[in-house]
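With this note's numbering applied, the sequence shown has no gaps in its numbers, which climb one by one up to 434 at the end. Working notes for the structure below.
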Amino acid sequence: MISEKMVSYVQGSSAIRAMFEEGKRLSAIYGAENVYDFSLGNPNLPAPKEVKEAVYRILEEEDSVFVHGYMSNSGYEDVRGAVAESLNRRFGTAFHGENIVMTVGAAGGMNVIMKTLLNPGEEVVVFAPYFGEYRAYVTNYDGVLVTVPPNTEDFQPDLAEFEKRITPKTKAVIVNTPNNPTGVIYSEDTIKSLAALMRKKQQEYGTSIYLISDEPYRELAYDGKEAPYLTKYYENTIVGYSFSKSLSLPGERIGYLVLPDELDDSEDVRAAANVATRILGYVNAPSLFQRVIARCLEAQVDVEYYDRNRKTLYEGLKNVGLDCMKPQGAFYLFVKSPLEDEKEFCAAAKRHNILLVPGSSFDCPGYVRLAYCVSYEMICRSLPHFAELMKEIGG
Ligand code: PLP
40 MISEKMVSYV
50 QGSSAIRAMF
60 EEGKRLSAIY
70 GAENVYDFSL
80 GNPNLPAPKE
90 VKEAVYRILE
100 EEDSVFVHGY
110 MSNSGYEDVR
120 GAVAESLNRR
130 FGTAFHGENI
140 VMTVGAAGGM
150 NVIMKTLLNP
160 GEEVVVFAPY
170 FGEYRAYVTN
180 YDGVLVTVPP
190 NTEDFQPDLA
200 EFEKRITPKT
210 KAVIVNTPNN
220 PTGVIYSEDT
230 IKSLAALMRK
240 KQQEYGTSIY
250 LISDEPYREL
260 AYDGKEAPYL
270 TKYYENTIVG
280 YSFSKSLSLP
290 GERIGYLVLP
300 DELDDSEDVR
310 AAANVATRIL
320 GYVNAPSLFQ
330 RVIARCLEAQ
340 VDVEYYDRNR
350 KTLYEGLKNV
360 GLDCMKPQGA
370 FYLFVKSPLE
380 DEKEFCAAAK
390 RHNILLVPGS
400 SFDCPGYVRL
410 AYCVSYEMIC
420 RSLPHFAELM
430 KEIGG
């Protein structure tokens, strides 16, 4: 009796659920310390101490009716102002509170913006490999997801293939940098070329094409690298941010959208996002955690910890003969499968109690993803098992 659309969503999500169940099953048989679960992008680091302090202080100092009450659907005005100021300080932008809509994490923000922009049949372009949930975020509103095939050389977007896929129906383009699943940061050159191409196509078709930057991993960048702030390169840019990873708060569901004045129809877009937040049933982003993040805008988790994991896992996998690119950000490694069918490789890994996600979940078969937001000790314990796995498959 469930809707036809939901039947396909349920089928699509069962692979990840199955993996989660598999981790629990293997832990019950072999003991949790003998299972090497690299499947989930769930941060393993504690939230910074500023978060706990903020929670206590808000509950002590602020008025309960205000802290737990309804507010504008777009969020508390002072919080939105504080977010805008922090962005201006960090990126030299000129946002004000009205440009910010507080959201229920990145996922909530993406749904609000798709609801705001899409008419049925309008197209949203994504670059493979991409976060698999994008398909649902777009089709929820009867949009059409258009995929640009991967550039497996360096996993920067393939702009020649992109150009071929922009049509008069293209309403938006989603980029995610630092990227899940590759860990790649799109270079400034890539961003400039992407922006020039989108500007050219807007002119050619007389349409507005919005660039949506989904960037929950912005602060997780290594070796001094930084992802360019995209509103500075393309006027029609919307930023979707989340504190799930930078403050290890995925369960609290808190993030924001930036809807700059420079957007085409900026006022209408902002008004519609405000209404979308309400009618999608979020009503508003969680009130306590809006107030918490306003006090923690400069805090972040211990990025050095992820960096040590990154280096250890990357070197370890290279040493056993796996072919992978050193990630520049996020907490994922994207590894070329030594077997043609990466699902077979995942199955072989499971026989060694190693859990990996097949690249086909990100529309990029032939690769597997490892999440290294896990304990350093687990990474060290896993490496001999990767060596055995490679021996078994003759790698
Ligand atoms: N976008 C990307 C690329 C992600 O990797 C994730 C979560 O892993 C999300 C969005 C959703 O994040 P949130 O928990 O803030 O909704």
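From the three backbone atoms N, C-alpha and C, an ideal C-beta is built for every residue, glycine too. For clarity, every value in this text was computed on a predicted model and none was experimentally measured.
query: If I'm right that E200 touches L236 with Cβ under 8 Å, what's the distance once you round it to whole angstroms?; result: So it is not a contact: roughly 11 Å between Cβ atoms.
query: So what's M364 in DSSP terms, helix, strand or just coil?; result: coil
query: I'd like to check one pair, K231 with I34: are the Cβ atoms closer than 8 Å?; result: In the structure as shown, the chain begins at 40 and stops at 434. Residue 34 is therefore absent and cannot be evaluated.
query: Determine the direct distance from the alpha carbon of G171 to that of N73, and round the result to whole angstroms.; result: 29 Å
query: Could you tell me the distance, in whole angstroms, from the CA atom of G96 to the CA atom of C335?; result: Per the sequence shown, residue 96 should be read as Arg rather than Gly. Their backbone Cα atoms lie some 12 Å apart in a straight line.
query: Please tell me whether A121 has its Cβ less than 8 Å away from any Cβ of chain D.; result: No chain D appears in the structure shown, which is made up of a single protein chain.
query: For L298, which option in L428, L156, K208 and E416 has the closest C-alpha, if you only look at C-alpha atoms?; result: L156
query: Does V322 pass the burial test, meaning 16 or more other C-beta atoms within 10 Å, or should it be called exposed?; result: exposed
query: So is R129 buried or exposed if we call it buried at 16+ other beta carbons inside 10 Å?; result: exposed
query: State buried or exposed for N158, treating a residue as buried only when at least 16 other CB atoms are found within 10 Å of its CB.; result: exposed
query: Using a threshold of 7 Å, is the CB atom of N215 nearer than that to any non-hydrogen atom of the ligand PLP?; result: yes
query: Quick one: any contact between the segment 376-389 and the segment 404-416, if contact means 3 or more CB pairs under 8 Å?; result: yes
query: Considering only residues of the same chain and omitting the five flanking positions on each side of N358, which have a CB-CB separation below 6 Å?; result: none
query: What number of angstroms, rounded off, separates the C-alpha of H107 from the C-alpha of V122?; result: 20 Å
query: Judging by CA-CA distance, which residue of S421, P220, S42 and V90 is the nearest neighbour of G398?; result: P220
query: Please confirm whether any heavy atom of the ligand PLP lies closer than 7 Å to the CB of N219.; result: yes
query: Since G433 is in the beta strand (DSSP E), which residue starts that stretch and which ends it?; result: Premise fails: G433 is in no beta strand (DSSP E) and is neither H nor E.
query: Just checking my contact of N348 with Y69 at CB under 8 Å: how many whole Å lie between their CB atoms?; result: N348 to Y69, Cβ: 22 Å. No contact.
query: DSSP beta-bridge partners for S326?; result: Per DSSP, none; premise fails for S326.
query: Can you tell me whether F384 sits near the ligand PLP, meaning its C-beta is under 7 Å from at least one heavy atom of the ligand?; result: no
query: Could you tell me whether the segment 290-306 touches the segment 256-266, using the rule of 3 or more Cβ pairs below 8 Å?; result: no
query: For the alpha helix (DSSP H) holding T221, just list the boundary residues, first then last.; result: T221 -> no alpha helix (DSSP H), and no H or E assigned at all.
query: Please state whether DSSP places F384 in a helix, a strand or coil.; result: helix
query: I'd like to confirm something about P289: is its beta-carbon nearer than 7 Å to some heavy atom of the ligand PLP, or not?; result: yes
query: Between C403 and Y345, is the Cβ-Cβ spacing less than 8 Å?; result: no
query: Compare the C-alpha of I418 against each of Y249, G355 and M153 and name the closest.; result: G355
query: D253 lies in the beta strand (DSSP E); which residues open and close that run?; result: Y249 to D253
query: Using a Cβ-Cβ cutoff of less than 6 Å, which residues in the same chain neighbour L65 once the five nearest sequence positions on both sides are dropped?; result: V74 and N392
query: Would you report the Cα separation of V374 and L361, rounded to the nearest angstrom?; result: 7 Å
query: CB of D253 to nearest heavy atom of the ligand PLP: below 7 Å?; result: yes
query: Tell me, to the nearest whole angstrom, how far the beta carbon of K154 is from that of A315; I am working on the premise that it is less than 8 Å.; result: 4 Å
query: What residues match up with D304 in a beta bridge as DSSP calls it?; result: According to DSSP, D304 bridges with nothing at all.
query: Around the C-beta of Y109, are 16 or more other C-beta atoms found within 10 angstroms, so that it is buried, or is it exposed?; result: exposed
query: Name the one or two DSSP bridge partners that M141 has.; result: Y295
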